[in-house]
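Worksheet: the structure to be examined is printed underneath.
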Amino acid sequence: MKRFVSFVALTTLLALLLVACGGQTATPPPAPTEPSAPTTPEDPSGVTGTVTLWHAYGTGSAEEEAINTLVANARAAYPDATINMLQIPFDQIFNKFQNEVTSGAGPDMFIAPNDSLGDQIRAGLLADLTEYVPMLEAENVSPTAIQGMSLNGQLYAIPESFKAVALYYNTSKVATPPTTTDELLALVRNGNTLVLNQSAYHNFGWMQAFGAELMDADGRCVADTTGGDTWLAFLQELKAEPNVTFSTDGGQADSLFKEGRADMTINGPWALGDYRTALGDDLAVAAMPGATNPAGPMTGVDGFYVNINSANISGAVALAMFLTSAESMDVYVNQAGHVPARTDIAIESPLVQGFADAAQTGVPRPQVPELSNFWGPFGDAITKVLDGGAAPDASITEACATMNAANP
Numbered sequence: 001m002k003r004f005v006s007f008v009a010l011t012t013l014l015a016l017l018l019v020a021c022g023g024q025t026a027t028p029p030p031a032p033t034e035p036s037a038p039t040t041p042e043d044p045s046g047v048t049g050t051v052t053l054w055h056a057y058g059t060g061s062a063e064e065e066a067i068n069t070l071v072a073n074a075r076a077a078y079p080d081a082t083i084n085m086l087q088i089p090f091d092q093i094f095n096k097f098q099n100e101v102t103s104g105a106g107p108d109m110f111i112a113p114n115d116s117l118g119d120q121i122r123a124g125l126l127a128d129l130t131e132y133v134p135m136l137e138a139e140n141v142s143p144t145a146i147q148g149m150s151l152n153g154q155l156y157a158i159p160e161s162f163k164a165v166a167l168y169y170n171t172s173k174v175a176t177p178p179t180t181t182d183e184l185l186a187l188v189r190n191g192n193t194l195v196l197n198q199s200a201y202h203n204f205g206w207m208q209a210f211g212a213e214l215m216d217a218d219g220r221c222v223a224d225t226t227g228g229d230t231w232l233a234f235l236q237e238l239k240a241e242p243n244v245t246f247s248t249d250g251g252q253a254d255s256l257f258k259e260g261r262a263d264m265t266i267n268g269p270w271a272l273g274d275y276r277t278a279l280g281d282d283l284a285v286a287a288m289p290g291a292t293n294p295a296g297p298m299t300g301v302d303g304f305y306v307n308i309n310s311a312n313i314s315g316a317v318a319l320a321m322f323l324t325s326a327e328s329m330d331v332y333v334n335q336a337g338h339v340p341a342r343t344d345i346a347i348e349s350p351l352v353q354g355f356a357d358a359a360q361t362g363v364p365r366p367q368v369p370e371l372s373n374f375w376g377p378f379g380d381a382i383t384k385v386l387d388g389g390a391a392p393d394a395s396i397t398e399a400c401a402t403m404n405a406a407n408p
């Protein structure tokens, strides 16, 4: 769908918001958690043959620990199958997958957000999994998640979780989270500290908050005529506050928040496990502050994609179903802080629930090719406004013009 519409209509469904980076290392098989009673996946055929899985979870992260546990459980449940797993840095996984599949090779499957789903489909890299939709529906997978992994009515991945960004805050410093951008400015002006990733992705939600839309129904950038200058002006106003830090280094931003040198930050559920370890009971999550409208963070779906060249598609799908079963999702939710794509998983953590609530007004990530030309021009616009003091109106006009010129 080419319209960048609000997610308000999806208020009855859970949705959530891009994964961390790690080194390219083979993952040793850890001991399964319950070898005496292995979990059975929903696919009755089970995992057979050899299946190679790539992931891009950060080294030592809660997400990596979760996938290690789940793959160990799968190995215990299917001892006759060979399950290989390799960690690929997140900033390399999409290009590496495309290069290898194009050459006729690549892993059987990999897990990632639907950042490049449309591009991968158009490049002919992914196996069509539409025949498994009835199985997903029978296993209580959210229709929104299925739609998020589909294009033109065809399914190309087994959904795992929703991902979007929200406001993390330290309750020992911030008793009540800000619900509006005015309240956020008041907090930092009264002494609270805020660290933000200087990126178009992390700050995208405030575009909708100020009434702006990125694209129209034809994929043309319209942020310059719908209020995008107000969005950039707000970021510039934040940057002028001495208690606000914009960082182009995600690791630095994480450290400032985890070490208590920043009271608030905007980030996704992939950071939840590490933040929780650092801050314990002082950690809380709330929706991004809104303005004239609720904030609309870009909302994506994580899932397991299958290589069109795979000689073991059924085995890969069976493994994906095992790794997204109700029992496996309990591990993802409770250990890694994921918001489940399944509707039959009880979310007990208020932190995870905070992300689920925050994403109800999110903007679904469009799978149109025009989005590919958003990141560069808008990232440059943010840099010019925040680091160079450029005028927000001129910067948003230039960004839209560049985006539209690059699109057919």
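Mapping the sequence shown onto UniProt numbering, position 173 (from 1) lands on 173, and the numbers just tick up by one.
We treat Cβ as the ideally placed atom computed from N, Cα and C, and that holds for glycine.
Does any residue of chain D bring its CB to less than 8 Å from the CB of residue i?
i    : result
Q147 : Absent from the structure is chain D; it holds one protein chain and no more.
Considering only the beta carbon of each residue, do residue i and residue j sit closer than 8 Å?
i    : j    : result
N267 : V165 : yes
L194 : V244 : yes
A336 : A72  : no
A286 : P392 : no
G296 : G227 : no
N293 : A209 : yes
A341 : P143 : no
N170 : L283 : yes
N114 : G303 : yes
L70  : V331 : yes
Y275 : F257 : yes
F90  : T299 : no
Y168 : Y305 : no
I382 : Q198 : yes
Under a three-way DSSP split, which group does residue i fall into?
i    : result
F90  : helix
L129 : coil
I53  : According to the sequence displayed, residue 53 carries Leu and not Ile. Note: L53 maps to strand in three-state DSSP.
V222 : coil
M135 : helix
F110 : strand
T39  : Note that T39 has pLDDT 35, beneath the 50 cutoff, so the model's placement of it is unreliable and the number below is only indicative. Three-state result, T39: coil.
T82  : strand
N99  : helix
S116 : helix
A381 : helix
R387 : This sequence places Asp at residue 387; Arg is not what is there. Residue state, collapsed to three classes: helix.
G58  : coil
P124 : In the sequence as displayed, the identity of residue 124 is Gly instead of Pro. DSSP places G124 in coil when its eight states are reduced to three.
P104 : The sequence shown places Gly at residue 104, not Pro. Reduced to three states, the DSSP call for G104 is coil.
F204 : coil
Over the uninterrupted beta strand (DSSP E) stretch that includes residue i, give me the two end residues.
i    : result
G303 : M298 to V306
Q196 : The displayed chain sequence assigns Leu, not Gln, to residue 196. Here the beta strand (DSSP E) through L196 covers L194 to N197.
A145 : Run containing A145: none in the beta strand (DSSP E); it sits in the alpha helix (DSSP H), P143 to G148.
Which stretch, first to last residue, makes up the alpha helix (DSSP H) that contains residue i?
i    : result
A405 : P392 to A406
F210 : Segment: none, F210 is in no alpha helix (DSSP H) and carries neither H nor E.
T181 : T181 to R189
T48  : Segment: none, T48 is in no alpha helix (DSSP H) and carries neither H nor E.
A72  : A62 to A77
- Please list the segments of the alpha helix (DSSP H) lying wholly inside the region 152 to 179, counting only runs of 4 or more residues, in order along the chain. none
- Query: When the Cβ atoms of the region 312 to 322 are set against those of the region 173 to 183, are three or more pairs found closer than 8 Å?
  - Reply: no
- Return the chain-ordered ranges of every alpha helix (DSSP H) run that is complete within the region 227 to 309 and spans a minimum of 4 residues. 228 to 239, 250 to 258 and 272 to 279
- Task: Report yes or no: do three or more beta-carbon pairs, one from the region 94 to 111 and one from the region 306 to 314, lie closer than 8 Å?
- Result: yes
- Message: Suppose only complete runs of 4+ residues qualify. What are the alpha helix (DSSP H) ranges in the region 298 to 374, listed by chain order?
- Response: 313 to 323, 326 to 336 and 350 to 358
- Is the region 76 to 89 in contact with the region 118 to 128, if contact means three or more CB pairs nearer than 8 Å? no
- Message: Whether or not the region 126 to 136 and the region 364 to 378 are in contact is what I'm after, with contact meaning three or more pairs of Cβ atoms, one per stretch, closer than 8 Å; do they touch?
- Response: no
- Message: Pairs of beta-carbons, one from the region 394 to 407 and one from the region 214 to 227, closer than 8 Å: are there three or more?
- Response: yes
- Query: With contact counted as at least three CB pairs below 8 Å, one residue from each stretch, are the region 340 to 356 and the region 88 to 106 in contact?
  - Reply: no
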